[in-house]
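Inspection log for the structure reproduced underneath, given as structure tokens.
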Amino acid sequence: MTISDLKQAAPDSVKSKINWARMEEADNFAKTVKLFRQGKYDESSFRRFRLQHGAYGTRMTGDYAMVRIKLPAGEVYPDQIEKISQLSEQYSIGSAHFSTRENIQLHWVILEDVSEIFRGLAEVGLTSREACGNSVRNVMCSPLSGVCPDEEFDSTPYALATAQFFLRNPMAQNLPRKFKFNFTCCEKHGMVRMVDVGLIPQIRDMDGSAQRGFKIFLGGGLGNRSFVGHQLEEFTPEEDLLYTSIAVMRIFDRLGDRKNLARNRMRYLVNDMGWEKFQNLVLKERAVVRATQSVITRLDVDHSPNQIKRPIQISDESGSDTAPDGYSRWLKTNTVKQTQLDYRSVFLTLEAGDITASQLHALADIIRNFSSEGKARSGFEQNIALRYVHEDDLPSLYSKLLEVGLAKSGALTMTAPIGCSGTTSCNLALTNSHRLAKEIQRKFLELKLDEDVDLTDSSIKISGCPNSCGQHGIATIGFYGGGARVGKDMYANYQMSLGGRSDGDTMLGQTCLRVPAKRVIPVILKIIETFKQNKQSNDTLKSWIHRIANGNEDSAIKSIVDIKKILEPIIVPPTIEDDPDFYLDYGSDTSYHTKTGKGECAA
Amino acid sequence: MCCLIDSTKITTDVDSLRSEIRDKSVRVIDVRREDDYKQDHIPNAVNLPLAHLLSDDSPERVLKLVNSMGIDDEIPVVVYDDTFGALASRVAWTLEYLGHSDVTLLETTYSNWKSIGLESDSVTPEIQNKEHSMKLRPDILATSDYLEDAKTRDDVILIDNRERLNFLEQHIPGAINLPYRTLATTDKILRSKDDMKRLLENRGVTGDSEIITYCGSVGTLSGLAYYALKSVGLPNAKLYVRSFKEWKNLQKPTEKQEDANYWDLSAE
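Here the protein sequences come in this chain order: A and B. Just so you know, we're using the numbering used here here: the first sequence kicks off at 1 and counts up by one. Just so you know, we're using the numbering used here here: the second sequence kicks off at 604 and counts up by one.
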């Protein structure tokens, strides 16, 4: 044995303090699947059970499931990533998928293997319990919470405590519909007005002492019909956080629509009832909850600080000081400065959230070697954030990421579109939105659009059907899939909306026009070209579209209709003889037809 | 190991192999490429690169190879590779098919053997030719004709050991998919007996059914699965050694998962 065979000792691996798993749920799941296959468990009870445990149905087949692994507050540790890498090779397609709600999904898993995944997850303290079904879904937190320069305090411990309180809690096992919490850091990083309960940390001065609390937004959400949430009150002190959450859920549980599955999210209840009435109910219910708890019920918020310890860097063997090609572009479009001096948060963009087993495996060591907090966060945009990377370590981190294909630039720009899973696995999908997102990213990076600062704060988000899993409603340029036809020939066609946003000025995008799948890229490029011709000097695409959407623009392009007129010539369908490719959806070489199975969001 | 019946001994653990090597009571076969073997290998191991075997795996040729490796009917054989046991399995199965009754797989890969600091050397041992008998075992082999007929019976389970995406795209009708990666753990080529049993039972692979395994082309991944089945004592396993490549060449029927673009979910 030679010295070079000796493995370099890796820095200590930080592990999760919270164990979200219960091993017995794996055995129970395996048993239930057997009973179901033997016909001793009826279809709908089984579906409810399966969803409660985080296993979703798969397109056109009952043999496969998708397992949605929750990452509460988005946190994920190296040993967990290694395990997910292994599980994806064993039971899935050799890739895993980062979702927009801080879950990691394993697709095309054989139903009978789901329990084996549960076992593996339990070994590293993870669960998929209540990741689907009518329960409290993964509690999200901004990937920048704790490091964001604009936040008043770190809401991560509150997000984790909320997740712990509701997981397996009897009050959250049979809600009228799914229920989502999003914690964030600040207004800018947003996502709090598009969810059942959205929370922004706030500090107020109470007789000279600082008091922690939240700005709470209720009744928002994206879906077949989307709504913007309402702020409950000026300030909700931290001790009222749990009481407020319970009160809202109790009202939803009592009054939510349990019959009409298509409109039973809480946002419909708020909309039907009217905000003021709902707001009053919540405030009254909260007083009742506060007064009737037999024991003091509190969130178990762990305030112990993260250990920040810069891993010892193994010196670069090549001895070169020059950063590899593409470094400055990557630095500009993928990293942000933290509140903490000398540290940055680094975002990894994945094509529509997909990552291979070997990339995951490499990522675990990259986290150990570069993140001073020893863990990573899932972002809001099918991406991953590595935080607490020391400025001096950025070039060597970039090199490492480059080696494993995770150094794509543009993570924090418009060139990293969101695409839901679409026809790659979803029963409801009408189009291959997933592949379209990848195609756009590849094309736009090739055109170096990520370097264009005018485009940085814009976003492209794509859903494969009207149900908004791809969050098209809050995109600067959003798309949802459908079908269209010329004579008897069908093609994939997207409804495009413009001007959506999820920050402090949250609004839903306005419908512009329908764009055939194979014309989406030219249409976006035409919008950019039109913007460049008409922009004011300090405009970004986002601010320009926002002005138009709000009727505040007085140049040649005054309205969404004006944009539509410019785009209309591009979307005219050619004949199938002239351009057969137009009639094929991305990723498909057979003629396009819409085909869907039964959705189970509402099961 | 002494108290277990012989047929359940599928793998040889590292410590046993080391003492058998010391006692010179074992023939170890390294199935890696010749160059890799020459660099270093487990002491006293002989080299039989899988490709060399596959260039002609007729029983007559295999008999010659076995004799030249100094293997008679009595000496225990242990096979290892550096590819999670799949190549080793294919060689082990070939010896078993010839009629050798004591062939096992090293429980781990050569990389792992080295990474835990165990001995290796680069000397090619001097081997004396031996005489092995030929008592072929058709009961562990499935041909395409056999498979086609067997598929019509209810008590036959057909297992495809390729990766999930390949399976979704195309497979032999009626097959279930058990990707080879599910069979191993991080440091062993096969799961523990209890874990393997649970995995297989969940998938309905139990009892006295006849089980036929296949993979992409030459029966390596499915060779490993063959030994996985044997490791939990399933008595009636067969390897479709020419696998899916032959099946397709013969233009026999295949099946696919329709109406889904699963390839686009892959990050490859």
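For each residue, glycine too, the CB sits at the ideal point set by N, CA and C.
Can you tell me whether residue 470 of chain A is helix, strand or coil according to DSSP? coil
Using 8 Å as the threshold, is the C-beta distance between residue 157 of chain A and residue 303 of chain A below it? yes
Could you check the C-alpha separation between residue 35 of chain A and residue 43 of chain A for me, to the nearest Å? 11 Å
Could you tell me how far apart the beta carbons of residue 128 of chain A and residue 83 of chain A are, in whole angstroms, since I believe they sit closer than 8 Å? Contact flag wrong, Cβ pair sits at about 13 Å.
Residue burial classification, residue 139 of chain A (beta-carbon count within 10 angstroms, cutoff 16): buried
Just curious, the beta strand (DSSP E) that residue 843 of chain B is in, first and last residue? 840-843
Going by DSSP in three states, residue 450 of chain A sits in which element: helix, strand or coil? helix
So is residue 245 of chain A buried or exposed if we call it buried at 16+ other beta carbons inside 10 Å? buried
Could you check whether residue 694 of chain B and residue 634 of chain B sit closer than 8 Å to each other, using their CB atoms as the reference points? yes
Just the Cα atoms here: how many angstroms apart are residue 219 of chain A and residue 406 of chain A? 37 Å
Taking only beta-carbon positions, decide if residue 654 of chain B is within less than 8 Å of chain A. no
Which residues, in chain order, does the region 100-126 of chain A contribute to contact with chain B at a C-beta distance below 8 Å? 107, 108, 110, 112, 113, 115 and 116
Based on the DSSP output, what are the partners of residue 378 of chain A in its beta bridges? A:384
Which of the three DSSP states is assigned to residue 442 of chain A in this structure? helix
Pull up the distance between the alpha-carbon of residue 106 of chain A and that of residue 289 of chain A, whole angstroms please. 39 Å
Consult DSSP for residue 108 of chain A and reduce its assignment to one of helix, strand or coil. strand
Beta strand (DSSP E) segment containing residue 211 of chain A, residue limits: 209-218
Exposed or buried, which one is residue 75 of chain A when buried takes at least 16 other CB atoms within 10 Å? buried
DSSP state of residue 767 of chain B mapped onto helix, strand, coil: helix
Taking the CB atoms as reference points, tell me whether residue 870 of chain B and residue 402 of chain A lie closer together than 8 Å. no
For residue 639 of chain B, collect the residues of the same chain with a Cβ closer than 7 Å to its Cβ; drop the 5 residues on either side in sequence, then sort them by chain order. none
Where does residue 662 of chain B fall in DSSP's three states? helix
Taking the alpha carbon of residue 330 of chain A as the reference point, which residue from A:125, A:274, A:416 and A:425 has its own alpha carbon closest? A:416
Would you say residue 354 of chain A lies against chain B (beta-carbon separation less than 8 Å)? yes
Under 8 Å, with one C-beta from each stretch per pair, do the region 539-553 of chain A and the region 496-511 of chain A reach the 3-pair mark? yes
Here's the rule: buried if 16 or more other CB atoms are within 10 angstroms of the residue's CB, otherwise exposed. What is residue 637 of chain B? exposed
Beta-carbon proximity check, residue 224 of chain A vs residue 466 of chain A, cutoff 8 Å: yes
On the three-state DSSP scale, how would you describe residue 727 of chain B? coil
Under 9 Å Cβ-Cβ, which residues of chain B neighbour residue 94 of chain A? 766, 767, 768, 782, 784, 869, 870 and 871
Would a check of beta-carbon distances place residue 595 of chain A closer than 8 Å to chain B? yes
CB contact check: residue 819 of chain B to chain A, cutoff 8 Å: no
Pull up the distance between the alpha-carbon of residue 496 of chain A and that of residue 480 of chain A, whole angstroms please. 7 Å
Shorter than 8 Å from the beta carbon of residue 862 of chain B to some beta carbon of chain A? yes
Reference residue 842 of chain B; option with closest CA among B:836, B:651, B:704 and B:740: B:740
Tell me which residues share the same chain as residue 758 of chain B and place their Cβ nearer than 7 Å to its Cβ, disregarding the 5 neighbours each side in the sequence. 812 and 813
Run through chain B and tell me which residues come within less than 9 Å of residue 359 of chain A, C-beta to C-beta. 870
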